[in-house]
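Remarks on the structure that follows.
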Amino acid sequence: MANSPLLVPGPTDHLKATTSKSISKSKLSSAAPSSKGANPEASTKASNAHAPVQDMAEQMNEEEKHKYKKADLEILYCAGKKLGEGTYANVYLGHLVTSPSTLVAIKKIKIQAAYTEGLAPDAIRELKHLQELSHPNIISLLSVFSSKDQNLNLVLEYLPLGDLEMLIKDTEGVRYGAADVKAWMGMLGRGVWWCHENFVLHRDIKPNNLLIAADGEVKLADFGLARSFSDPYRIMTSNVITRWYRPPELLFGAKHYSGAVDIWSVGLVFAELIIRTPYIAGDTEVHQISLICQAIGTPSEDVWPGVSKLPEYTVPEPATPVRGKDHYLATFGTAGHEGVDVLMGMLVLDPRKRITAREVLEHSWWSSDPKPTKNEDLPRKGGGVAKIGEDLKRRPGVLEDERGAKVSRKLDFGGMK
Amino acid sequence: MAPSSVSEDERYRTSTQYRLWSFTPTSLLELRTTTNRNAANRVRDAVRRAREARAASSGNTSEVDGGDSRAVSAVPEGEVDCLSVEEELKLVTHFCRQTLQLGDHLQVPTDVKATAVQYIKRFYVTNSCMTYDPKTLLKTALFFATKTENHYFRLTKFAEAITATKPEEILASEFLLTQGLRFTFDVRHPFRALEGAVMELQAMANGQIPGVGELRGMDRRVKEAHGKAREYLKTSALLTDVYFHYTPSQIMMASLLIADRQLISLYLGSKLPPSSANAAISAKLMDALDRCAEMLQSMAPGREQSSEEKKELSALAKKLRKCRNPEKIDLVSLQRAKREGDGEDEKIVKKRKLEREQSAKEGEDLFGPTIQK
């Protein structure tokens, strides 16, 4: 389920392993893995003038392919941290051919031997939705091309600073406060709102799918489970969203649902950001339901008309009444009164009464104190990963730190009149 | 970004349907012409190569390079008679009709059929029937649409339900299809727009919201317009080029306009009350809708093919058989060869390594040695 496009940098020695030979620039492009002699520099029209050896579609693909190049670092997955890594894709660091400093992540979709139905659904979903969604808080898909062996390559923006899960877990190295949480929640809220505004359900929101860009911006990633809103008469699977972030309606087997499923996940990410540990972490689905009953309250016909009709509705006895604000303030008080209101709105049991993404963004919490932290002042992951981040920043042209900025400015010929 | 700051139009303009798959009639024709010309040249080259190879190995049983010797022998001597742009378009439309029928046979939902047909139309903007046989590709398109529209169908079951089709045949052109679609799979249909407009019209008819004023039997007229418009959306909108030229809401409105012009004029009037400020935009809108409606009516739903048209189509199908690119007929084998690689892979890996080294080196040169911390 968790086929994350992990953009976490691997060990540093991969970065440095490739600095020996010197070859001239002109050769760089001629050495491109071009197969059938299409000139990547030439426009479609220009190459058409010559002997047409390729379909137009093939030519367009060649053009995309030659814009990007896989670079020296195969990004490694953090050992043992994720489920199902690598079954769906490998991620490589790449850069724009014309500008080695413009880093990208190239996600190469694997052909799965076990899947005999052609291009796998997770790859299709990710491609379909990322092609349409363009927003600062959603990972951007810059390009797609196929390599010669017909593997698909997704060129994604490079997000070097890890994910929210890493920040949450590093209780020793990373300290943050209410204003930081508000900033992260704002970015997450806007990303989710944009998905819903475009009739897309993400269906796998959790801290390790919230990646952090070099400038601190949080980006919603991994659309491998996403789908468009269904028509009222069409059913959907309830087997989505990682268990700890899965809302009660899905645990009860609902086949018709809305953006409210994502909002529940957002609420649990919010709770986790505050207490720095997963708030409702069940071992099984049954356990998850019983933990929800304890933490939030038992779903019943009183608070959620119709819930008992859901196919897998069972709740443990005795019922727990729905928790009031005092209960939340005791645990999540650092978010402030209005912050707690937002959290409670996201964790309403009845999906029809749950706050919507739009309502979240319109909430007065955002304008109350403390103001959200500015991106450049947000805490970052310390230790090893940050160090690799530093290393990356020192690579030519990345404007992140001061030193890099100075060097780049000197060489910014494009800016000269 | 404040939630209210993005209009529906702005959102549509971020879609791939607008960015990659919307054309003026002139630019669309240009693209199709280029595609057709390229393909015809390739067919002639391939036939020439095949004939040369056959001549060289005459009496020998060896296979023609990547091609199908039976197909080559089907190509008559002399210059190959290739399809024109118009002929290709007629064939594609014909196979789009067949896709709808196959979809009915397999009982897939309307949006799966509609998406499959748009995939075929988009694919043949940059690919030719002479290169890739639409009869095969349509099965792949329909199967792929079941995946992109979340209506999963097991491949084996899917293949079984179609006569004389093997699963690998369907998968063999899946990659080609996705490439031809430029890896964009989302298709925006006008169906939901129609339901929305009809709900609003019904509310107006029931007096729940103010709107078109007095109109006798409005309730019944809305129902009838709904049914008729839906027929246009399910057939004419898919088979004509309207998706390439108009937005889903324009297509929807044009289909309603065909169904009941008076009703829809009143409806539009309630959205854009007659005034000097609205005059220009109203005229522009009506002009677009009328042109779209005209295009839709060129293939009205339920219209039977005349015997002349049928004759023409079977002649075209025959002509296509004689100008197929012999190197692209056995897609299953071609596909297998691609996937398994032909010894090229190792070369590519070496090349890539070289490139990586170069680019890293280049970075070093430009920016000097790594600065010590």
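Which chain is which? The protein sequence lines are A and B, in order. Using this note's numbering, the first residue of the first sequence is number 623, and each one after it goes up by one. Using this note's numbering, the first residue of the second sequence is number 18, and each one after it goes up by one. Ideal placement from N, C-alpha and C gives every residue a C-beta, glycine not left out.
query: Paired residues, beta bridge with residue 767 of chain A - DSSP; result: A:775
query: Close Cβ partners of residue 112 of chain B (< 6 Å) along its chain, the five nearest in sequence each way excluded; result: 151, 155
query: Residues bridged to residue 712 of chain A [DSSP beta-bridge criterion]; result: A:730
query: Classification of residue 908 of chain A by the beta-carbon crowding that lies within 10 angstroms, buried from 16 upward; result: exposed
query: Below-8 Å beta-carbon distance, residue 40 of chain B vs any chain A residue; result: no
query: Segment contact flag, the stretch 881 to 893 of chain A with the stretch 860 to 870 of chain A, C-beta cutoff 8 Å, min 3 pairs; result: yes
query: Complete alpha helix (DSSP H) runs within the stretch 118 to 178 of chain B (minimum length 4 residues, chain order); result: 127 to 143, 151 to 165, 172 to 178
query: Option in B:330, B:345, B:165 with minimal Cα separation from residue 14 of chain B; result: Examination of residue 14 of chain B is not possible in this model, given that chain B is present from 18 through 390 alone.
query: Euclidean distance between Cα positions of residue 31 of chain B and residue 213 of chain B; result: 22 Å
query: Of the listed residues B:147, B:97, B:315, nearest to residue 346 of chain B (C-alpha basis); result: B:147
query: Under 8 Å between C-beta atoms of residue 274 of chain B and residue 247 of chain B; result: no
query: Partner residues on chain A for residue 415 of chain B, Cβ-Cβ distance less than 7 Å; result: This structure does not reach residue 415 of chain B, given that chain B is present from 18 up to 390, and the question cannot be answered.
query: Contact set between the stretch 186 to 210 of chain B and chain A, restricted to residues whose Cβ is under 7 Å from the partner; result: 188, 191, 192, 195, 196, 197, 199, 200, 201, 202, 203
query: Three-state secondary structure assigned by DSSP to residue 880 of chain A; result: coil
query: Residue range of the beta strand (DSSP E) that includes residue 840 of chain A; result: 840 to 842
query: Stretch-stretch touch, CB-based, cutoff 8 Å, three pairs: the stretch 822 to 830 of chain A with the stretch 846 to 862 of chain A; result: yes
query: Own chain partners of residue 241 of chain B with C-beta closer than 8 Å, once the 5 adjacent residues on each side are dropped; result: 276, 277
query: Length of the line joining the Cα atoms of residue 767 of chain A and residue 297 of chain B; result: 43 Å
query: Three-way DSSP call (helix, strand, coil) for residue 834 of chain A in this model; result: strand
query: Enclosing alpha helix (DSSP H) for residue 948 of chain A [first to last residue]; result: 947 to 954
query: Member of A:770, A:841, A:739 whose CA lies at the smallest distance from the CA of residue 191 of chain B; result: A:739
query: Cross-strand partners of residue 187 of chain B (DSSP beta bridge); result: None, per the DSSP bridge assignment.
query: Within 8 Å, strictly: CB atoms of residue 811 of chain A and residue 979 of chain A; result: yes
query: DSSP-derived helix/strand/coil call for residue 824 of chain A; result: coil
query: Close beta carbons around residue 807 of chain A, own chain, < 6 Å, minus the five adjacent residues each side; result: 892
query: Bridge partners - residue 307 of chain B, DSSP secondary structure assignment; result: The partner list for residue 307 of chain B (beta bridge, DSSP) is empty, contrary to what the question assumes.
query: Chain C contact for residue 32 of chain B (CB, 8 Å cutoff); result: No chain C appears in this structure, whose protein chains are A and B.
query: Residue of B:119, B:143, B:56, B:63 minimising C-alpha distance to residue 46 of chain B; result: B:143
query: Chain B within 8 Å of residue 743 of chain A, Cβ atoms only; result: yes
query: 8 Å CB neighbourhood of residue 107 of chain B in its chain, flanking five on each side removed; result: 329, 330, 333
query: With 16 other Cβ atoms within 10 Å as the buried cut-off, status of residue 959 of chain A; result: exposed
query: Simplified DSSP state of residue 976 of chain A, which is helix, strand or coil; result: coil
query: Contact under 8 Å by Cβ, residue 159 of chain B with residue 116 of chain B; result: yes
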